[in-house]
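Add 286 to a position in the sequence shown, counting from 1, and you land on the number used in our numbering.
To start, the structure itself, in structure tokens.
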Amino acid sequence: PRRLVAHSSVAFCTLAPSPSDTPPLCRAVMKAATDMMSKMSPEEMNQMMEMTKKMDPSMMAQAQAMMNNPAMAAQAQQAMQNLSPQELKSRMAGASAAMGGAPAAPKPKSAVEQLKGSSMVIDEEVLSHVERAEALKLKGNTHFKAAEYEAAIGEYEQGCALAEEAIRELSGVDEKAVIELLHACHLNTASCRLKLRQWGEAVEAANTVLRDGPHRKALFRRGQAYQQLARLDEARTDLKKAAAMDRSDATVAAALAEVEKALGVE
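Okay, here's the thing in structure tokens:
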């Protein structure tokens, strides 16, 4: 079916080891998907990658067969060009479930929703800070999608400041919920810094998260920045740690392979 062609082609093209491993028409589909995903926020990109990694292996095999069929590959390219990022995520999740893969995970509660459901009495000012921090993060995401990275950083940094104020008044699971919000703002800031080629600032944003303990996405962001700074040994260390935390992440694995190639490591 036409819908399945689009689903499967996105999955295959997303996880293909390298452009040389894919047929020309699949590379065209990949470009269409890349153009579309460039409009996503950092969080939407992460959700897309997570859904793709969890798809049933049989879907990937079927996708590869489809991409070897020129007519179906061309059909997939046309379908991709007509999908919005939201439709793409929704359809990929639906395809995974329909083919026996894991169903899409339920949308996680926001930090403010978790606080409102807390067994503790949460001060209204704290709730207000967290609610505003989440709103600022969403505004930052909107700027990110529009490639307005400096503006996005401003929103994320304001969100960080409010989240930090709230954290001082919280403990236990309530504190953890807001720390996750704080980390998301810092990681999104790191993504913006990478887009702006501000490598040192990207390292600093990732370091802020890593001070609280190991964090896969922070290690990946910092590894990317170290690579651009030609600090390849440090990049390799971070990327190896990130890869070990999720062996199925093809993006991290590809980044690690690139660094190791530059270092001459086999």
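A virtual CB, placed ideally from N, CA and C, is assigned to each residue, including glycine.
Remember, predicted model here, so these are calculated numbers, not experimental data.
On the DSSP letters alone, give me the boundaries of the alpha helix (DSSP H) that residue i sits inside.
i	result
S477	G458 to K481
M406	Where M406 is concerned, there is no enclosing alpha helix (DSSP H), given that its DSSP letter is neither H nor E.
G550	That residue, G550, is in no alpha helix (DSSP H); it is neither H nor E in DSSP.
H415	E410 to K431
A516	Per DSSP, A516 belongs to no alpha helix (DSSP H) and is neither H nor E.
K402	A397 to K402
G486	W485 to L496
E443	Y435 to I453
Buried or exposed: where does residue i fall if 16 or more other Cβ atoms within 10 Å of its Cβ makes it buried?
i	result
K395	exposed
K423	buried
T300	Reliability of the predicted coordinates at T300 is poor, the pLDDT of 47 falling under 50, and no value is obtained from them.
R289	In this prediction, R289 scores a pLDDT of 41, lower than 50, which makes its location untrustworthy; the coordinate-derived value is nonetheless stated afterwards. Exposed: under 16 other Cβ atoms inside 10 Å.
P328	buried
R454	exposed
D307	Legend: pLDDT at D307 = 49, less than 50; position of this residue unreliable, no value from coordinates given.
A516	exposed
V538	buried
A530	exposed
A548	exposed
Measuring alpha carbon to alpha carbon, tell me which of the options ends up nearest residue i.
i	options	result
E544	A521, K402, D409 and S405	A521
S477	V489, L496, A397 and G458	V489
E420	L473, L542, L518 and L467	L467
V495	E451, H472, L482 and Y512	H472
Q514	H469, L542 and E450	L542
A452	D519, N493 and E410	E410
G550	A491, A539 and D519	D519
Y442	V412, N474 and E450	N474
K527	P500, A540, I408 and Q400	P500
E434	Y512, E546, D535 and K481	K481
R483	E417, A504 and E436	E436
E450	A540, A529 and L413	L413
Please state if the CB of residue j and the CB of residue i are separated by a distance shorter than 8 Å.
i	j	result
H415	L456	no
D532	R497	no
A470	R479	no
G445	G426	yes
Handout entry: Stretch pair the region 504-511 + the region 448-462: three plus CB contacts closer than 8 Å
Key = no
Problem - Three CB pairs or more closer than 8 Å across the region 428-442 and the region 396-405 - result: Short answer: they don't touch.
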